[in-house]
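For reference, the structure discussed in these notes is given below.
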Amino acid sequence: MSGMQTKPKLLAILIAATAMTACSMTPKTNPDADLQYRENAQAMLQKLSLEEKLNILSGPGIDLEHYRGIDATNLAKEKNVLGVAGYINGVKNDSVDIPAVKLADGPAGLRIRPTRDNDDQTYYATAWPIGSLLASSWDTDLVQKVGAAEGNEVKEYGVDFLLAPGMNIQRNPLLGRNFEYYSEDPLLSGKIAAAMVSGVQSNDVGATIKHFVANNAETNRFFNNTIADPRTLREIYLRGFQIAVEESQPWAIMSSYNLVNGTYVNQRKDIMNDILRGEWNFSGLAMSDWFAGNVFGLKSDFRGRIERDQESAAKQVTAGNDLIEPGGVKEDLAASVSAGTLTEADVDKSVVAILTQMHKTPSYNQYEYSNTPDLRTHAVLARQAAAEGMVLLKNEAATLPLKPQAKVASFGTTQINTLKGGTGSGNVNSAYISHIASALGERFTLNTAVTDFYNQYFEANKQKTKALIGGYDFSDEPAVSDHSQLKQLIAEAAVNDAAAVITIGRQAGEGGDRTATQGDYLLTDAELETISAVSQTFHAQSKPVTVVLNVNGLVDTTMWGNKVDSILLAYMGGQETGHAIADILVGDVNPSGKLAQTVPVQYSDVPSASTFPGKDIDDDGMVDASYYNEGLYVGYRYYSSFDTAPAYPFGYGLSYTNFEYRNPHVVTNTLNADGASGKLTLSVTIANNGKSAGKEVAQVYISAPEVKLEKPVIELKAFDKTTLLKPGQTEELTLTIPAKTLASFDPDHNQWIVEPGQYQAYIAPSSDVSGSNFGNATKPVTFTINQEIVVAKTTPNALALQDGVNQADFVTIK
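Mind the numbering: the sequence shown is residues -24 to -1, 1 to 790 in mature numbering (1 follows the signal peptide of the UniProt record, and there is no 0), read in order.
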């Protein structure tokens, strides 16, 4: 690999007791855009009793309106939006009248109840593509449009805060909620989240970034302790949140269930206040996830109880977690104030933070919502967004696109029961879903005998597995060896049809993680048998086979990928999933999606495979600690640094046309002259050398010198997407990298620094900059940093490892 050295040696253990300096941090002093709202909130605070203040901090939600002393009497007129997740209590006394505001789930669309008693009107919302799919578009302008449309539905249905976007790092492909999240890379996650927040909040409703922070497993999520060193937490898990906060100023942030280094996130002042508000200048409100922090003594599966922490609510407010959902803590807070473990000054601080944001809401400003958002227009955008993010992984001999009205045989039960999104709070009540079989039938001449077989099989078998999929209809795949009719249909289709399409489906969701077993990450014997039988039979007739992956997250491709001609990673495209897939297969849309995560050759190649979802430390049968022993080496950072070839690299995706990268060069480098305020500006010209119009994503990977800090071989530092280029057209992209993006965290001195030396910038179509796996090697452009640049000082001793954790608790990566 030209200009880079891989790291075949053992990974130096990042987690160690670091020497902390005694210097203090000077908080940033940016002007407060919410000054007037905050002044109003301060004035209103003087008119509230302590009881009313505590009531504001106490949810409520999930039918806990009057639980443990909560007074929700000023909520009644607001509770006409059924299906919301919770509220922020209002106050009505002789001096003030503050209406309650409504909070609704929404990682893939607004989640409210679509029908209501004695009401003929429906209240469906648009089911948008899942987060992983949106991020795979690498198109922040498109994502901002999606956010604006979703924010419009939030406002027009009478909701004030959207509890989205979710933006945790996809540390491991088996995380059950990966579908809600964006990427394994913090820069891409942060930029996409910032675009979503900006879009949502353009409607004067609030967005809530979540789950803050290092919430990277669903297994025993109420009590799982994330154990990671400060540098890893800052560079990988906090950095995306920082980007979203600084670039889009979300109205709210939701703290996560998990502990970090021995303490619940929502009880950590260093995270909730010192970093979030002090270093990043977050000016919104912070809320807990529902039931977080052992407030109720609930087990993670809600099926048992443990001794609850009666001081949890006070610890949260003291740390800077303002709003505790879903309530039920008013009496606890009052007892803590009486006992002196919670000061009224801390209560006031949180009340002001909440009231400041409440002043912005449609409810406070008496907005007359219509209950009639433009769902038809939004459906058009949903279809576009879904197609833009789908990733073409393989396309041998230009198998795709297929000719319009070509005879196609479509296999798999998921074509009948297409998956629009994941389960849990990420599920959306949409008016319809475009199923794959129906959509293909609109564009091709579909073999009805094959689809009828799968229809009948699905209807006969869906109830057998319904309980296993959280109540959702689902069916296993019929094995060819068990169904002579299917075997005969394959043989006839290979003679009569021009191509075969096989759909593989996977569902997952909130509350549980996936497994590296058949039927989940691995394909089942029946699925493998179908792929083998269809491929062998169709190839005998010189006819192509395409596999469409309608999945919540990654699945293995190694065991079967070489048997088929093309693979489309379609993920879950929301209500327009089927139409978007058909648009790509027929060539109406040229795929331009790029992987936002790495596809491994085998699951054991994943750097966190041996430690996910965690360890049972106290032998109680429950996972309770996750050791992030891979440190910085998450995703492509690991594969590129340790010379481990992936099945498909991060940033990779094929097109129906070809692109050439011309004249990559440094335009300006003001880093040496301007230091922390300096930036690097690069340029590249993208040329469409193919025969179809298409879009390309240019990615900048930096290889930095190691002076005193070890670094991954390459890291993504910028990206941009072209407009639709016709054959022969070119477009010049300008990519800017500010000093803070280039910086690494120096834990020994509590600061972000850019180290001196020669840097290499690879402007490439994927993270495979060496060309060893896909495509040609990318020639780097170089630039030099003359001396160390201190970009920012940080909070001393923040994120320190808990007592008793040492190097012996960690396993090195080989």
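Glycine residues also receive a C-beta, built at the ideal position from the N, C-alpha and C atoms.
Range of the contiguous alpha helix (DSSP H) that encloses P162:
P162 to Q177
Provide the residue(s) that pair with K370 in DSSP beta bridges, ordered along the chain.
I543
Figure out for me which residue from T754, I145, V456 and E468 has the closest Cα to the Cα of F638.
Before going further, note that residue 638 is Arg rather than Phe in the sequence given. The shortest C-alpha separation from R638 is found at T754.
Can you pull the DSSP bridge partners for R210?
Answer is none; R210 lacks a bridge partner.
Whole-number beta carbon distance between F137 and G175, since they are thought to touch under 8 Å
So it is not a contact: roughly 15 Å between Cβ atoms.
Hey, could you find the ends of the beta strand (DSSP E) S679 is sitting in?
V673 to S679
Looking only at its own chain, which residues have a Cβ that is under 7 Å from the Cβ of L685, when we skip the five neighbours before and after it?
S720, D722 and E731
Could you pull out every unbroken beta strand (DSSP E) segment of at least 3 residues lying fully inside the segment 422 to 495, listed in chain order?
475 to 482
When the Cα of G569 is compared with those of L630, S602 and V540, which residue comes out closest?
L630
My understanding is that A556 touches M366, with C-beta atoms under 8 Å, so please give their C-beta distance in whole angstroms.
7 Å
Quick check: the Cα distance between G651 and T644, rounded to an integer number of angstroms?
14 Å
Length at least 4, wholly inside the segment 680 to 765: the alpha helix (DSSP H) runs in chain order
715 to 718
Simplified DSSP state of I409, which is helix, strand or coil:
coil
Can the beta-carbon of W114 be found less than 9 Å from the beta-carbon of L164?
yes
Assuming P681 and N726 form a contact by the criterion Cβ under 8 Å, report the distance between their Cβ atoms to the nearest whole angstrom.
Contact flag wrong, Cβ pair sits at about 22 Å.
If we call anything under 9 Å between Cβ atoms a contact, is S617 one with P567?
no
How many whole angstroms separate the CB atoms of V305 and S326, which I take to be in contact at a CB cut-off of 8 Å?
Going by Cβ atoms, the distance from V305 to S326 rounds to 12 Å, so no, they are not a contact pair.
Cα separation between L504 and W536?
7 Å
For A774 and E255, what's the separation of their Cα atoms in angstroms?
12 Å
Alpha-carbon to alpha-carbon, M143 and L24:
36 Å
E222, DSSP secondary structure in three states:
helix
With DSSP collapsed to three states, give me the class of F272.
coil
Look up E132 in the DSSP assignment and say whether it is helix, strand or coil.
helix
Which residue comes first and which comes last in the alpha helix (DSSP H) that contains R613?
Y612 to S617
Can you tell me where the alpha helix (DSSP H) holding A193 begins and where it ends?
No alpha helix (DSSP H) holds A193; DSSP gives it neither H nor E.
Apart from the five residues on each side of it in sequence, which residues of its chain come closer than 8 Å, Cβ to Cβ, to D532?
Y497, L498, L499, Q578 and Y579
Could you give the uninterrupted runs of the alpha helix (DSSP H) lying entirely in the segment 510 to 587, keeping only those of 4 residues or more?
553 to 562
Which whole runs of the beta strand (DSSP E) in the segment 234 to 322 are 3 residues long or more, in chain order?
261 to 263
Considering just the uninterrupted stretch of the beta strand (DSSP E) at E636, what are its terminal residues?
F635 to N645
Identify the residues that DSSP records as bridge partners of T202: which are they?
V236 and S602
Looking at the structure shown, is V77 part of a helix, part of a strand, or coil, going by DSSP?
strand
For T760 and chain B, any beta-carbon pair shorter than 9 Å?
The chain labelled as chain B is not found in the depicted structure, where only one protein chain is given.
Can you tell me the Cα-Cα spacing of L444 and A558, whole angstroms?
Because L444 sits at a pLDDT of 46, beneath the cut-off of 50, its placement in the model cannot be relied upon, and the point is left open.
Given a threshold of 16 other Cβ atoms within 10 Å of its Cβ, counted over all protein chains shown, does P380 qualify as buried or as exposed?
exposed
Taking the alpha-carbon of L151 as reference, which of G488, S339 and A425 has the nearest alpha-carbon?
G488
Quick check on DSSP: helix, strand or coil for N154?
helix
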